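Going down the list, the protein sequences come from chains U, Y, F and Z.
Following numbering that gives the first Met the number 0, the numbering of the first sequence begins with 0 at its first residue and continues without gaps.
Following numbering that gives the first Met the number 0, the numbering of the second sequence begins with 0 at its first residue and continues without gaps.
Following numbering that gives the first Met the number 0, the numbering of the third sequence begins with 0 at its first residue and continues without gaps.
Following numbering that gives the first Met the number 0, the numbering of the fourth sequence begins with 0 at its first residue and continues without gaps.
For every residue, glycine included, the Cβ atom is placed at its ideal position computed from N, Cα and C.
Note that the structure is predicted; figures quoted are calculated from it, not measured.
Take a look at the structure set out below.
Protein chains: 4
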Amino acid sequence: MTARAPRADALRNRSRVLAAAEQVFVARGTSVSTEEVARAAGVGIGTVFRHFPTKATLIEAVFRERLRRFAEEADRLVESDDPGSAIWTFLSRVAEVAAGKQAWADAFTAADLHEALTPAREQLPRALGSLLVRAQAAGAIRLDVTVAELVALMLAVARVPDDLRPRLLAIVFDGLRPQP
Amino acid sequence: MTARAPRADALRNRSRVLAAAEQVFVARGTSVSTEEVARAAGVGIGTVFRHFPTKATLIEAVFRERLRRFAEEADRLVESDDPGSAIWTFLSRVAEVAAGKQAWADAFTAADLHEALTPAREQLPRALGSLLVRAQAAGAIRLDVTVAELVALMLAVARVPDDLRPRLLAIVFDGLRPQP
Amino acid sequence: MTARAPRADALRNRSRVLAAAEQVFVARGTSVSTEEVARAAGVGIGTVFRHFPTKATLIEAVFRERLRRFAEEADRLVESDDPGSAIWTFLSRVAEVAAGKQAWADAFTAADLHEALTPAREQLPRALGSLLVRAQAAGAIRLDVTVAELVALMLAVARVPDDLRPRLLAIVFDGLRPQP
Amino acid sequence: MTARAPRADALRNRSRVLAAAEQVFVARGTSVSTEEVARAAGVGIGTVFRHFPTKATLIEAVFRERLRRFAEEADRLVESDDPGSAIWTFLSRVAEVAAGKQAWADAFTAADLHEALTPAREQLPRALGSLLVRAQAAGAIRLDVTVAELVALMLAVARVPDDLRPRLLAIVFDGLRPQP
DNA sequence: GATGAATGAGAATTCATTCAT
DNA sequence: TATGAATGAATTCTCATTCAT
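Below you can see the structure in the form of structure tokens.
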């Protein structure tokens, strides 16, 4: 009478769809048809819709998965000896990855950012929070900045043309340092 | 034998379509159908397509018009006695207006930003350039920043959730000040 | 109380439209828009519709005009000393001209062939009839063939690919000669 | 691991669409909307486009199918004891069928005739070729005529008004016989 | 009479979603 | 479960025709 455990092949398909969708969305935007995602995943379109009942669901899942991996990176960086540079490393990473041919940012916008960031529900804010307090303790970053603000800033910078991003990131980082 | 002037009614309709499109795009994104734009303008859909032969043309026209008005504002601010605060005023204004329910930024992205900013063709870079050099002369803004970077930064900040924008703008402005 | 005579400029415009339409239709088929015909004629689209109240009317007028000129050629050939070759000359001419990049035949088909050929109303059948009886009297062409059949045959051959036409015309001419 | 066979229902629908399209095109020309074809086939318009991704594809498919059936008829006639009359039978049949209210010829013209007749790709030229050489051997048809010319002639005659066709066909056939 | 702007009914095509196999 | 065929609403764009200027 327990809930039946998902079959192994079903789980495998879910992952394949998710991975294919990420690739395709990054390369060509979230406006590619679901059919193309299915093709890239090597499954039928019915399978995509079985796992993700609407296209929005799929986009959001891709987004959450991306955030989850960011969180993992943050978790790893928390161990770092140099909390000051750890946070800059992480923020740069978010801005760069999220840029992905302009298309990631679309996904991030399409999905509901605030919901995805609800602290109680996601591990990213927690992990990034640790990075942040350590960096603040080390005097590397201003005290009046929050996790949500950091994420929003990085996503914003992600939308910028590739050639300008490094410069703009440097400017934003200057703004994030403790001010005189 | 002079080139025939456009008819008055045609000009009026062109303006109405442009205004309606701006409103609708800002309110609901550039993905609204051309039919809806026509309805909002109170003209037939054929009229929209007569003036703007593709949807992309229409989006771009709305975008250029918006830039033109920004340029006018910049021109006015150039006269200001306080060049230091003039540029912050202008940049805030761009970020706020461009925000417009997330939808402006879409338009800005859809159209080709770089092309639209080609100095020879647009007055915005020129006007903003004047604001910039004055502010730099007044020591209000760092010397190593360019017009293109400023515009890109403001459009980036425009994509941010409304409630976070003032804070993020402050941070970015701090980063734009001459650094110690 | 007499019907007002058409103004000179109106007549001139009618001719210009007709000539432009013929050119454009031959070059690109009768599916080109009326707007393009107007442009080619150097008049407004309203003028086209004033002279030819529907597109079908225009196509038919172009067709009739073409037939009229064929009739003129036939009239000229009737004077010829060699009635046997005169008819072959004329028929070849019709097949070639009507071919005009495949597009004339469209026009000929679109308009109502039978109506246009109603003997009482057109001069072509009369002129071609003269050519025919002379050629028959000279023993150059079979006696059991009619004007309508000749015209239909030539229009049919007009539809054939350019490179095949001379051969097919020769075959058809053989079939038109008095049979053993 | 064999290539998956097309589903039975898909094949059935493809056939229905093709049959409906043929009927509708013959009755009312290839300019009828795809929507009407779908209605006639009793399927949704999406189904038509799934099987034939553009309208041109559909027209061409109808055309090829028709050629295929002609080829079958030719194959059957090749068995005939009387090669002389077999070819006249076949040619008459092509001219009559292709006539179909003027509309077949449109289809034949719209699709690319030459390409469709490329010997290596179609069975019609081969089958008709057999008929031809046999008829030539029997002295029923002139030696200097080719398959391509025969096909072109029949399609040309197909465009002719129904009531004139038998007579014109007779004339053309006379031209095709060995000449004195 | 001439002009060309406005109109709106289609037309082809796409795509998220459903459902029979 | 997986598949992919079927669906049809929605979208962009065209063009014959009308009518105000």
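Interface annotation, residue 161 of chain Y: not in contact with chain U, CB-CB separation never under 8 Å. Assignment of residue 19 of chain F by DSSP, reduced to helix, strand and coil, places it in the helix class. Counting of Cβ neighbours within 10 angstroms places residue 71 of chain Z among the exposed residues, the total staying below 16. Identification of chain Y residues near residue 135 of chain U by a Cβ-Cβ cut-off of 9 Å yields none; the smallest Cβ-Cβ distance measures about 14 Å.
With the rule of 3 Cβ pairs closer than 8 Å, the segment 155-174 of chain Y counts as touching the segment 140-156 of chain U. Per DSSP, reduced to three states, the secondary structure at residue 44 of chain F is helical.
DSSP places residue 73 of chain Z in the uninterrupted alpha helix (DSSP H) bounded by 54-77. The contact set of residue 148 of chain F on chain Z, defined by CB atoms closer than 8 Å, consists of 163, 166, 167 and 170 in chain order. Taking 8 Å as the threshold, the shortest C-beta distance from residue 158 of chain U to chain Y falls below it. Between residue 47 of chain U and residue 60 of chain U, the gap from beta carbon to beta carbon reaches 8 Å or more. When 7 Å is used as the limit between beta carbons, residue 179 of chain U is near these residues of chain Y: 179, in chain order. No Cβ-Cβ contact shorter than 8 Å links residue 77 of chain F with residue 10 of chain F. Between the alpha carbons of residue 161 of chain Y and residue 29 of chain Y lies a gap of roughly 19 Å.
One Cα belongs to residue 52 of chain U, the other to residue 33 of chain Y, and the distance between them is close to 29 Å. Listed by position along chain F, the residues whose Cβ is nearer than 9 Å to that of residue 144 of chain Z are 166 and 170.
For residue 129 of chain F, the enclosing alpha helix (DSSP H) stretches over residues 123-136. Non-local beta-carbon contacts of residue 159 of chain F in its own chain, meaning distances under 6 Å to residues more than five positions away in sequence, involve 167 in chain order. Taking 8 Å as the threshold, the shortest C-beta distance from residue 74 of chain Y to chain U does not fall below it. One finds nothing in chain F with a Cβ atom closer than 7 Å to the Cβ of residue 66 of chain Z; even the nearest lies about 16 Å away. DSSP, reduced to helix, strand and coil, places residue 28 of chain Y outside both helices and strands of the structure shown, so it counts as coil. Inclusion of residue 40 of chain F and residue 25 of chain F in the CB contact set at 8 Å is not warranted, their separation being larger than that value. Looking at the backbone, the Cα of residue 141 of chain Z and that of residue 164 of chain F are separated by about 17 Å.
Only buried fits residue 133 of chain Z, as 16 or more other CB atoms lie within 10 angstroms of its CB. Distance from residue 177 of chain Y to residue 179 of chain U at the Cβ level is roughly 11 Å; contact not present, criterion being Cβ atoms closer than 8 Å. Residue contact with chain Z for residue 173 of chain F: present (Cβ-Cβ distance below 8 Å to some residue of chain Z). In summary, residue 126 of chain F is buried, with 16 or more beta-carbon neighbours lying within 10 Å of its beta-carbon over all protein chains present.
Taking 8 Å as the upper bound for CB-CB distance, residue 128 of chain Y and residue 173 of chain U are not in contact here, some 22 Å apart.
Residue range 164-175 is occupied by the alpha helix (DSSP H) that includes residue 173 of chain F. Contact annotation, residue 169 of chain F with residue 83 of chain F: C-beta distance approximately 16 Å; criterion of less than 8 Å not satisfied. The residues 89, 126, 127 and 130, in chain order, have a CB closer than 6 Å to that of residue 73 of chain Z in the same chain once the five nearest residues on each side in sequence are set aside. Scanning chain F for C-beta atoms nearer than 7 Å to the C-beta of residue 39 of chain Z yields nothing, as the closest lies near 24 Å away. Neighbours of residue 152 of chain Y in chain U, taken as residues whose beta carbon is under 9 Å from its own, are 155, 156, 159, 163, 167, 170 and 171 in chain order. Within its own chain, the residues whose Cβ lies closer than 6 Å to the Cβ of residue 54 of chain Y, once the five positions on either side in sequence are excluded, are 33, listed in chain order. Residue 123 of chain F is positioned such that its CB atom lies closer than 8 Å to that of residue 66 of chain F.
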